[in-house]
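Residue numbers (the working numbering), protein chains in the order written: chain A, 42 to 244; chain B, 42 to 244. Glycine included, each C-beta is placed from N, C-alpha and C at the ideal position. All of these numbers come straight from a predicted model, not from anything done at the bench.
Number of protein chains: 2
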Amino acid sequence: MKLYGEAMPAPNPRRVRMFLAEKGLDIPEIRVNLRKGEHKAPEHRARNSLGQVPTLELDEGTCISETISICRYLEELHPEPPLFGRTAIERALIDMWVRRIEFQIMTPVGMFWRHAHPLTAALLTQYKDFGESNRELYARGLKWLDRELAGRDWIAGDSYTIADIALLSTVDFAAFTGLVIPEEAANIRAWHTRATARPSAQA
Amino acid sequence: MKLYGEAMPAPNPRRVRMFLAEKGLDIPEIRVNLRKGEHKAPEHRARNSLGQVPTLELDEGTCISETISICRYLEELHPEPPLFGRTAIERALIDMWVRRIEFQIMTPVGMFWRHAHPLTAALLTQYKDFGESNRELYARGLKWLDRELAGRDWIAGDSYTIADIALLSTVDFAAFTGLVIPEEAANIRAWHTRATARPSAQA
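Structure representation (structure tokens):
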């Protein structure tokens, strides 16, 4: 099994690395150089026609892309510790939290990065006003999540899960782009300190 | 078990109804009236703090939101016919296809609807140029998917899955907003005819 990933700060390859660290797994990662455009080269497009990372290549040749799908596959092979839930209800709720983070928090960060950040301005046509409007959506998403987090340690309840991995990489990437956690989101700030203290956060 | 949904053309409640039809399941659906703002009322916010539909309320009181998470839960209770895959690899690849459809096809449709459609213009601040730019992203996404579909009947392979449900509701909602399947995407057009011929498409 081989993992095609990339160095920080790309949030998706980091998610898989954090997941592997939480599981105590070691899968060799080939660092695809995004700045050199290696992800758009024919060799990588044969693994993922969208030219994205991460992609997991199995020994029999099948390639699995999409961060959460890769982690979901690895969870089935290595169920302990469970990061996607132990029961049908837990699995549904953790899946719900991952999706809420992706649609409410990650999408505004992605749109800000894509349409308002100077580093992408050189490469792509931007709609700057739209891009800037995502600052407010990101802050609003985190304030909503802050209320949801009241009284619990982790996004989906008492245990650290893939939903925490999804949020930590998103918030850290957002900070890299210049988007900060709102001052008043005290539960998110405390959660961020807890999540960052785990060894997997270094991945 | 009760399902809070809504009438056509809202694509997410329809996805759950198509899933139930494919499974031969009957769960009572309470139609929340989005035009009257019933999804933002306190009673529904108690089920889903984001004020979205669909939400599945279990008899013991737990509420599961997010279309795919609801379907994933129902798949565990009623595994036949399998719509999320039978093996770990199948489940990972079907999950990958759902995500690709959401990020490559559904996101542009949602952004077009949100930022360029006259029906939402009355309700929300739009970034119209950005919204219009999603026509091209939608067409590009379908052309990519058209190449991927060559030689197979369904999105994830030989069997109809949740990925087909995700795409059918997206493409039909896109048509409602004025976005059409590109003329040259012959594989997508043939797939659309096949998917629409299934009784579940009437849901």
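Reduced DSSP secondary structure (H/G/I, E/B, other) of A:Lys77: coil
By Cβ distance, which residues of its chain are closer than 7 Å to B:His156, with the 5 residues on each side in sequence left out? Gln167, Tyr168, Lys169, Phe171 and Gly172
Distance cutoff 8 Å, beta carbons only. Does B:Asp136 sit that close to anything in chain A? yes
Any beta carbon of chain B sitting closer than 8 Å to that of A:Arg127? no
Name, in chain order, the residues that DSSP records as bridge partners for A:Lys246. Only positions 42 to 244 of chain A appear in this structure, which leaves residue 246 of chain A out of reach.
Residues of chain A with CB under 7 Å from B:Asp170, in chain order? Tyr168
Given 8 Å as the limit, is there contact between the segment 178 to 195 of chain A and the segment 118 to 129 of chain A, that is, 3 or more CB pairs closer than that? no
Per-residue contacts from B:Glu107 into chain A (C-beta, under 8 Å): Asp136, Met137, Arg140 and Arg141
Per-residue burial, B:Gly182 [other beta carbons within 10 Å of its own, 16 or more giving buried]: buried
Could you check whether B:Ile206 and A:Ala133 sit closer than 8 Å to each other, using their CB atoms as the reference points? no
Check whether chain B comes within 8 Å of A:Tyr45, counting only Cβ atoms and requiring the distance to be less than that. no
Got a sec? Which residues, its chain only, sit under 7 Å from B:Ala180 by beta carbon, not counting five neighbours each side? Pro223
Counting C-beta neighbours from all protein chains within 10 Å, is the total for A:Gln243 16 or more, i.e. buried, or is it exposed? exposed
Where B:Val73 falls, given that 16 or more other Cβ within 10 Å makes a residue buried: buried
Anything in the segment 85 to 118 of chain B with a Cβ closer than 8 Å to a Cβ of chain A? List those residues in chain order, please. Ser90, Leu91, Leu99, Thr103, Ile105, Ser106, Glu107, Ile109, Ser110, Ile111, Arg113, Tyr114, Glu117 and Leu118
Closest by CA to B:Asn53, which one among B:Ala238, B:Val221, B:Leu208 and B:Arg239? B:Leu208
Out of curiosity, what's the CA-to-CA distance linking A:Thr237 and A:Arg230? 10 Å
Please report the straight-line C-alpha distance between A:Ile77 and A:Glu98, rounded to a whole angstrom. The amino acid occupying residue 77 of chain A in the given sequence is Lys; Ile does not appear at that position. Spanning the two alpha carbons is a distance of roughly 21 Å.
Interface flag, A:Glu189 vs chain B, CB-CB below 8 Å: yes
Since B:Ile68 sits in a beta bridge, which residues does DSSP pair it with? None, per the DSSP bridge assignment.
Bridge partners - B:Cys112, DSSP secondary structure assignment: Bridge partners of B:Cys112: none, in fact.
In chain A, which residues lie with their C-beta within 7 Å of the C-beta of B:Ser174? Tyr168
Are the C-beta atoms of A:Ala133 and some chain B residue less than 8 Å apart? yes
Comparing alpha-carbon positions, which option in B:Ser174, B:Leu66, B:Leu186 and B:Thr103 lies nearest B:His158? B:Ser174
Limits of the unbroken beta strand (DSSP E) element including B:Ser210: It is not in any beta strand (DSSP E) - B:Ser210 instead sits in the alpha helix (DSSP H) that spans Ile203 to Thr218.
CB B:Phe125 to CB B:Ile135, shorter than 8 Å? yes
What residues from the segment 177 to 209 of chain B come within 9 Å of chain A, judged by C-beta to C-beta, listed N to C? Trp185, Arg188 and Glu189
Could you work out which residues of chain B lie near A:Ile130, taking near to mean beta carbons separated by less than 8 Å? Leu99, Thr103, Ile105 and Tyr114
Name the DSSP bridge partner or partners of A:Ser241? Its beta-bridge partners do not exist; DSSP assigns none.
May I ask you to report which of helix, strand or coil DSSP gives A:Ile146? helix
Beta carbon of A:Leu220, beta carbon of A:Val150: below 8 Å? yes
Given a threshold of 16 other Cβ atoms within 10 Å of its Cβ, counted over all protein chains shown, does B:Gly46 qualify as buried or as exposed? buried
Could you check where the alpha helix (DSSP H) with B:Ile105 kicks off and where it finishes? Counting along the chain, B:Ile105 falls outside any alpha helix (DSSP H), though it belongs to the beta strand (DSSP E) covering Cys104 to Ser106.
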